[in-house]
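**Q** In order, the protein sequences belong to chains C and V. Heads up: the first sequence at position 204 corresponds to 196 in the numbering used here, and the numbers run straight through without jumps. Heads up: the second sequence at position 140 corresponds to 132 in the numbering used here, and the numbers run straight through without jumps. By construction, the Cβ of each residue, glycine as well, lies at the ideal position given by its N, Cα and C atoms.
There are 2 protein chains.
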Amino acid sequence: MRFEVLILGNSSATPIYERHPTSQVINYNEQLFLIDCGEGTQMQLSRYGIKSNRINHIFISHLHGDHYLGLVGLLSSMHLVGRKSALHIYGPAPLEEILNLHFKYSETVIRYDIIFHTNNPEKEEVIYESRMLSVTSFPLIHRIPCTGFRFSEGKRNAILRADLVEDLGIPAPYYSALKRGMDYVDPSGKVYPAAELTFPAPASRSYAFCSDTVRHPIYLNSIQNVDLLYHESTFLHEMVDRAKETFHTTSLEAAEIAKEVQAKKLLLGHYSARYKTLTPLLEEAQAIFPSTELSMEGKWFLV
Amino acid sequence: MRFEVLILGNSSATPIYERHPTSQVINYNEQLFLIDCGEGTQMQLSRYGIKSNRINHIFISHLHGDHYLGLVGLLSSMHLVGRKSALHIYGPAPLEEILNLHFKYSETVIRYDIIFHTNNPEKEEVIYESRMLSVTSFPLIHRIPCTGFRFSEGKRNAILRADLVEDLGIPAPYYSALKRGMDYVDPSGKVYPAAELTFPAPASRSYAFCSDTVRHPIYLNSIQNVDLLYHESTFLHEMVDRAKETFHTTSLEAAEIAKEVQAKKLLLGHYSARYKTLTPLLEEAQAIFPSTELSMEGKWFLV
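1. Could you check whether the Cβ of isoleucine 136 of chain C sits closer than 8 Å to any Cβ belonging to chain V?
2. Could you tell me the distance, in whole angstroms, from the CA atom of threonine 33 of chain V to the CA atom of aspartate 58 of chain V?
3. Helix, strand or coil, according to DSSP, for isoleucine 106 of chain V in the structure here?
4. Measure from the alpha carbon of alanine 195 of chain V to the alpha carbon of each residue in V:Ser203, V:Val177 and V:Lys147, then state which is nearest.
5. Report the rounded CA-to-CA distance for valine 101 of chain V versus phenylalanine 95 of chain V, giving the unit in angstroms.
6. DSSP three-state call for leucine 63 of chain V: helix, strand or coil?
7. Relative to the alpha-carbon of glutamate 114 of chain C, which residue among C:Val127, C:Ile106, C:Ile133 and C:Ala279 has its alpha-carbon at the smallest distance?
8. Our contact map puts alanine 55 of chain V next to serine 98 of chain C with C-beta atoms below 8 Å; I'd like the distance itself, whole angstroms only.
9. Please determine, among V:Leu91, V:Ile81, V:Ile90 and V:Ser122, the residue with the shortest C-alpha to C-alpha distance to threonine 110 of chain V.
10. Out of curiosity, what's the CA-to-CA distance linking glutamine 278 of chain C and methionine 288 of chain C?
11. To which residues does DSSP link histidine 54 of chain C through a beta bridge?
12. Cβ of serine 214 of chain C less than 8 Å from any chain V Cβ?
13. Counting only C-beta atoms, is leucine 35 of chain V closer than 8 Å to chain C at any point?
14. Evaluate aspartate 105 of chain C with the Cβ neighbour count: other Cβ atoms within 10 Å of its Cβ, from every protein chain shown; 16 or more gives buried, anything less gives exposed.
15. Run through DSSP, which three-state label would threonine 284 of chain V get?
16. Would a check of beta-carbon distances place isoleucine 90 of chain V closer than 8 Å to chain C?
17. Tell me whether leucine 221 of chain C is buried or exposed, calling it buried when 16 or more other Cβ atoms sit within 10 Å of its Cβ.
18. Whose C-alpha, out of V:Glu31, V:Ala169, V:Arg75 and V:Phe130, is nearest the C-alpha of leucine 212 of chain V?
19. Which word fits proline 272 of chain V, buried or exposed, when buried means at least 16 other C-beta atoms lie within 10 angstroms of its C-beta?
20. Answer with buried or exposed for leucine 156 of chain V, where buried requires no fewer than 16 other C-beta atoms within 10 angstroms of its C-beta.
21. How far does the alpha helix (DSSP H) with phenylalanine 95 of chain V in it reach, from first residue to last?
22. I want to verify the contact list: residues of chain V whose CB lies under 8 Å from the CB of glutamate 31 of chain C, in sequence order.
23. Just checking: is the beta-carbon of proline 131 of chain C within a distance shorter than 8 Å of some beta-carbon in chain V?
24. So with CB distances below 8 Å, who are the chain V contacts of isoleucine 238 of chain C?
25. Within 8 Å (strictly less), CB to CB, does serine 196 of chain C reach chain V?
26. Assess contact between the stretch 232 to 249 of chain V and the stretch 201 to 217 of chain V, defined as three or more Cβ pairs (one per stretch) separated by less than 8 Å. Is contact present?
27. Let me confirm a value: lysine 257 of chain C is counted as buried when at least 16 other C-beta atoms fall within 10 Å, else exposed. Which label applies?
28. Can you list, in chain order, the residues of its chain with a C-beta nearer than 7 Å to that of lysine 251 of chain C? Leave out the 5 residues immediately preceding and following it.
29. Flag this pair as yes or no: are the beta carbons of glycine 30 of chain C and glycine 1 of chain C separated by less than 8 Å?
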């Protein structure tokens, strides 16, 4: 079951060196989710071959321009290419007022339903839930109200021992039940225990997105044990004072956080315009947490 | 004296094929002006090597997203890179309300002065005037209030006959006065008529920007005799009904307008997403008005 993250933008507030402001696509089992929507997101989606109308849920962390200024354009383009299905937006309360003001003055009546969900910047909450995936928002500490997001996979199915079930002549329509742990009983009443016909289910995976935030214990519990942690790393640690002042994190701090919460892998991002080359940020983090990668635009990362 | 237009975006509302929404830079004698500011304008400025802080005047035609959604991001970036000088914005009245709402919720206090000028969508008005250049806004006919802009050069200086003035021993500090038509009188009282020491001043140049609009006689007077006319040409003429319905113009109509107002040259733009190749639009216009070019992103056009 696919669970991957595509980076559309990895820049902090001033886009430079062909880097774009924050936006990411999550592909979970061919369902697409968008996190943040900086200026130019619709062009980045088109550049990387993502049809915007496959996205049904958009999560906005906070109302700094580099995290949401692409939203009005994206919503309008979805409208222009004939979208009909409802779109869910999860964001800070005033976002709805901002969108409505734009639509008012451009006299745009969006043809599809926009269902707005207000994120709570004060405490962790489940904001989306399907059979196989849930999304929680949790407080980050930034200059203005800001939330991170955690995408958590539900209990996965066990893996069917295909050779065994075939040899035993178990009818195919029962395979799905076996994978979910239900035993098979044949017409004579003989029980075939699911545990014997399957390998244990793979562990459930999770992805956490933390941008923008100063390093703070408040959100550590929300990102505990994630498989992939995206954590902003705007500065090198030599700029830690500036990071604190602007409510951002350094690369070294991001690595220490990843280690502390026992993440499997760390993804850096939200790079300051002062860094033309990003290797120093990567090296600083890898010295603490070796399993670190740079988020690079256009690249998919496995969760 | 330089008078050129750089195309930053030539797309209509749905950006595609790496085309961007509308924005143009005018360079008049090394003063930079920005017309419209679609999403991604700040990235396009950076791609084409234009320092945003050299721009002191921004003109916004109307409040459809593809003409102004890049403005908040550009203003914020100007702030972040330390702009101090005042910025003049000329646009529809509600634009100020939209900008203020963004700044309110992002808790941004812009460090430089923004001086807002409201464009009148009902009649032609001079909105900017310096010694050598004036800008007028004039009504276009679109789905919402919209204005075009005309950049008109003032009376140009005559050209000094350098060999002659040197031979006559006229002191260099008087050259500038001669070029402006003032005679030189030497210490003995002898008069040297400016007319004899100069070639006639070159004609004053003008550029008009018309986007978005349905073809309509109301604005013809405002663009009469321009040297360079940018006129939107969203569709081929086979789509003329769709053009009228959406208050846009066809390529053939743009050419007929250029001919009617006796423009020297026509620049097409605001291409619909349905056209991957633009040659048919160009050919349709050239059949009526041969001196037509396609506005291409990154290209400078002489006025």
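**A** Taking the geometry as given:
1. As a position in the first sequence, residue 136 of chain C is number 144, starting the count at 1. Closer than 8 Å: yes.
2. As a working note, residue 33 of chain V is residue 41 in the second sequence. As a working note, residue 58 of chain V is residue 66 in the second sequence. Answer to the nearest angstrom: the Cα atoms are 10 Å apart.
3. In the second sequence, the residue the question calls residue 106 of chain V occupies position 114. In the structure shown, isoleucine 106 of chain V sits in a strand (DSSP, three-state: E or B).
4. Residue mapping note: residue 195 of chain V aligns to position 203 of the second sequence, counting from 1. Selected option, being the one with the closest Cα: V:Lys147.
5. In the second sequence, counting from the first residue as 1, residue 101 of chain V sits at position 109. In the second sequence, counting from the first residue as 1, residue 95 of chain V sits at position 103. So the alpha carbons of these two residues sit roughly 7 Å apart.
6. Looking up residue 63 of chain V in the second sequence gives position 71. In the structure shown, leucine 63 of chain V sits in a helix (DSSP, three-state: H, G or I).
7. Here residue 114 of chain C corresponds to residue number 122 of the first sequence, with the count starting at 1. For the residues C:Val127, C:Ile106, C:Ile133 and C:Ala279, the minimum Cα distance to glutamate 114 of chain C belongs to C:Ile133.
8. As a first step, residue 55 of chain V must be located in the second sequence, where it is residue number 63. As a first step, residue 98 of chain C must be located in the first sequence, where it is residue number 106. One point to set straight first is that residue 55 of chain V is leucine, not alanine, in the sequence displayed. 5 Å between Cβ atoms; contact.
9. The residue labelled residue 110 of chain V in the question sits at position 118 within the second sequence. Minimum Cα distance to threonine 110 of chain V is reached at V:Ile81.
10. In the first sequence, residue 278 of chain C corresponds to position 286, counting from 1. In the first sequence, residue 288 of chain C corresponds to position 296, counting from 1. Looking at the two C-alpha atoms, the distance is approximately 16 Å.
11. Locating residue 54 of chain C in the first sequence gives position 62, where the first residue counts as 1. Note: histidine 54 of chain C sits in no beta bridge, so no partner.
12. The sequence position of residue 214 of chain C within the first sequence is 222, counting from 1. For serine 214 of chain C, the answer is no, since every Cβ of chain V falls outside 8 Å of its Cβ.
13. Translated into the one-based positions of the second sequence, residue 35 of chain V becomes position 43. At residue 35 of chain V the sequence reads methionine, which differs from the leucine that was named. Closer than 8 Å to some Cβ of chain C, the Cβ of methionine 35 of chain V qualifies, so yes.
14. Numbered from its first residue, the first sequence carries residue 105 of chain C at position 113. By the neighbour-count rule (16 or more Cβ atoms within 10 Å), aspartate 105 of chain C is not buried but exposed.
15. The residue given as residue 284 of chain V occupies position 292 in the second sequence. Three-state DSSP puts threonine 284 of chain V in a strand.
16. In the second sequence, the residue the question calls residue 90 of chain V occupies position 98. So yes, isoleucine 90 of chain V belongs to the interface.
17. In the first sequence, the residue the question calls residue 221 of chain C occupies position 229. So leucine 221 of chain C counts as buried.
18. Residue mapping note: residue 212 of chain V aligns to position 220 of the second sequence, counting from 1. Nearest C-alpha to leucine 212 of chain V: V:Phe130.
19. By one-based count along the second sequence, residue 272 of chain V stands at place 280. So proline 272 of chain V ends up on the exposed side.
20. Sequence index remark: in the second sequence, residue 156 of chain V carries index 164 (1-based). It counts as exposed.
21. For the purposes of this step, residue 95 of chain V is identified with residue 103 of the second sequence, where counting begins at 1. Run containing phenylalanine 95 of chain V: 86 to 97, per the alpha helix (DSSP H) assignment.
22. Position 39 of the first sequence, counted from the start, is the residue given in the question as residue 31 of chain C. Chain V residues near glutamate 31 of chain C: Glu31, Gly32, Gln34, Met35, Leu61, Gly62 and Gly65.
23. Numbered from its first residue, the first sequence carries residue 131 of chain C at position 139. For proline 131 of chain C, the answer is no, since every Cβ of chain V falls outside 8 Å of its Cβ.
24. For the purposes of this step, residue 238 of chain C is taken as the residue at position 246 of the first sequence. Looking at the sequence shown, residue 238 of chain C is not isoleucine but threonine. Correct list: empty, because the minimum Cβ distance to chain V is about 11 Å.
25. Along the first sequence, one-based indexing puts residue 196 of chain C at 204. No, no contact with chain V.
26. yes
27. Start at 1 with the first residue of the first sequence, and residue 257 of chain C comes out as number 265. The residue is buried, with at least 16 neighbouring Cβ atoms inside 10 Å.
28. Your numbering for residue 251 of chain C matches position 259 in the first sequence. Hits under 7 Å: Ile280 and Phe281.
29. One-based indexing of the first sequence puts residue 30 of chain C at position 38. One-based indexing of the first sequence puts residue 1 of chain C at position 9. Closer than 8 Å, so yes.
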